[in-house]
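Numbering (my numbering), first residue to last: 51 to 451.
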């Protein structure tokens, strides 16, 4: 894991950006390859696709015994399979997916406003629920009449209530996984249900929950569904983490409040802790970073620590960014880094921070501030306790005493 994290840190930004641009351009060419069909039927949509695209749909819908069919035969086989699957799949819809379907229904089954850069649409296209084609030079996304009919029959107030429950479940799950890293489906289901109102919890079966997680994994950028469980999207090695969690069988997972789990389940979540704010402020004041750049660097360090990285690896990451060249600033940053480590929910600690675990059990990789305060922190530097105040206005007097 150490090698993987270091390799990620030193990979040239230009090469990665170039690969992403090339991939995006290849995808864009594929999207603009077809003309918009005159009819909006499943048959017309599937006929316009390549055999390889039809095979993707066949695989995603688990249509068996059809791998050797010719294109016309496969098209005929897929049409009823898509509508049948849609009836089951729509029970796992999330709110923004629901709104997308509503927009298609309100605009005659097509849209010119969707971005060709939104790769979430590839997921729905791979299920046979929508496709796209050129009208002149404009890319138009469209939903087949048969899929719209299924949605229209299901779109009641009760169905929308279910969509809201699905969305709530997905967000709580993401928040729990932000703290714990990985949980099997049973563990995650138990914890999510504990945050729901009693009536809503009773309405959610375990199989419903698994379906919601599978859909959220494909549509959201926060969770990744695996055969036996779900992980937070930034977790590198779920097998090693699960082994570590089992090794700590005497330690319970951290108990997040409902508000904490909800907040951590937001897309692109960044902890709003004093330690995070202090480190972000340090990068802004000492290195001239704008707030987004400072938050990104702090976020990358948090990911490294959550994946079991050490303070030394965090320092090496900053060296790769050329942020450790000034000796005074390099020394001054060690205390805010220690504060971030001590206040971060670490996955190998089952969602506890080192500070919490030290208080509970006397264990944990807490980095004592009294080892870094006097030698590493100037009077006007951010206080390593994470308060966001200057050291002279916060812990200096206590340390001197």
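Glycine included, C-beta positions come from ideal geometry on N, C-alpha and C.
Item	Value
Rounded straight-line distance, which links the Cα of residue 191 to that of residue 232	36 Å
7 Å CB neighbourhood of residue 97 in its chain, flanking five on each side removed	125
C-beta contact flag for residue 47 and residue 104 at 8 Å	Absent from the structure is residue 47, since the part of the chain shown begins at 51 and ends at 451.
Beta-bridge pairing of residue 339 - partner residues as DSSP gives them	For residue 339, which the question treats as bridged, DSSP gives no partner whatsoever.
Residue from 358, 222, 336 and 142 whose Cα sits closest to the Cα of residue 284	358
Contact between the segment 383-401 and the segment 344-362 (3+ Cβ pairs under 8 Å)	yes
Distance CB(residue 106)-CB(residue 186) smaller than 8 Å	no
Residue 216, buried or exposed, once every other Cβ within 10 Å from all chains shown has been counted against 16	buried
6 Å CB neighbourhood of residue 402 in its chain, flanking five on each side removed	304
Nearest residue (CA-CA) to residue 87, options 206, 99 and 77	99
Short Cβ contact (8 Å threshold) for residue 212 with residue 141	yes
Residue 131 vs residue 179 beta-carbon contact at 8 Å	no
Neighbour-count burial assignment, residue 151, 16 or more Cβ in a 10 Å radius	buried
Among 236, 242, 323 and 79, the one whose alpha carbon lies nearest that of residue 311	242
For residue 222 and residue 315, believed in contact at Cβ under 8 Å, the rounded distance	6 Å
Beta strand (DSSP E) runs wholly inside the segment 239-296, at least 3 long, in chain order	273-275 and 279-282
Counterpart residues of residue 234 in DSSP-defined beta bridges	279
Proximity to residue 204 [Cα-Cα], best of 307, 162 and 155	155
DSSP state of residue 113 mapped onto helix, strand, coil	coil
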